[in-house]
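Input: a single structure, listed below in structure tokens.
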Amino acid sequence: MPSLESLLQLPPALALSLVISLDGQLCGPDGSSRSISGPEDLEWLRTLRAASDAVITGASTAAREQYKPIRVPERHLATRRAHNLAEHPELVILRSNDDFDAIRATLGPRLLLEAGVRLHSALATRIDRVWLSHSPTMVGDVGAAFALPMDGFRLIARHLGAAFVVSRFERVARH
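Okay, so the sequence shown: first residue is 36 according to our numbering, each after it adds one.
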């Protein structure tokens, strides 16, 4: 998987991070993404968060996933300091997608969106980068399938881990 240093070399963006099952579901039967995630995927998520000024999620996702303030692992703090980033990214919980435009400019240029279908669909036209972590699980139809239209994006890289594959998509230049 890419290192924190290599992530910080990418142009700043609003990046969407999702873990999806092989059948496109964003959560397992328990309604949580934790049940389709694993240690390798969680480590990847920590690295993505460490490369961000802020982590943004919706209120329902924050409640369902039991979000707490984001803390960067000690091993990433020196790199964040070297790139003039705050010690830890800010956690922003949106009550509606209307809140996003009002706060975006105050958060910094490196934003990580960790959101369910409703919010990532509402913000779809603003997303610059998508990180899809493909879980080696099958869930069935639990009602929370990946729904972002990917036209306008192109696959840039695919990173193979021991149990997960992470794909990076970038929005092609807007005219």
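We put the beta carbon where it would ideally sit given N, CA and C, even for glycine.
Determine the direct distance from the alpha carbon of residue j to that of residue i, and round the result to whole angstroms.
i	j	result
Leu51	Asp176	22 Å
Ser67	Leu183	19 Å
Leu61	Arg69	10 Å
Asp134	Asp58	32 Å
Pro37	Leu43	10 Å
Leu80	Val201	11 Å
Pro64	Arg99	13 Å
Asp186	Arg206	9 Å
Gly196	Leu53	16 Å
His210	Glu78	With a pLDDT of 48 at His210, under the threshold of 50, the modelled position of that residue is not reliable, and the figure given next carries that caveat. Each residue's Cα considered, the two are about 36 Å apart.
Pro171	Ala137	38 Å
Arg203	Lys103	26 Å
Are the CB atoms of residue j and residue i within a distance shorter than 8 Å?
i	j	result
Pro46	Ala89	no
Ile91	Leu146	yes
Met173	Ser56	yes
Gly93	Leu129	yes
Leu112	Asn132	no
Ala85	Arg115	yes
Does DSSP classify residue i as helix, strand or coil?
i	result
His210	Model confidence at His210 stands at a pLDDT of 48, short of 50, so the residue's coordinates are unreliable and nothing is read from them.
Ala180	strand
Phe204	strand
Glu122	coil
Arg189	strand
Ile55	strand
What is the C-beta distance between residue i and residue j, in whole angstroms, given that I count them as a contact (C-beta under 8 Å)?
i	j	result
Ile191	Leu49	16 Å between Cβ atoms; not a contact.
Per DSSP, which one or two residues make a beta bridge with residue i?
i	result
Gln60	Ala180
Phe199	DSSP lists no partner for Phe199.
Thr92	Ile128
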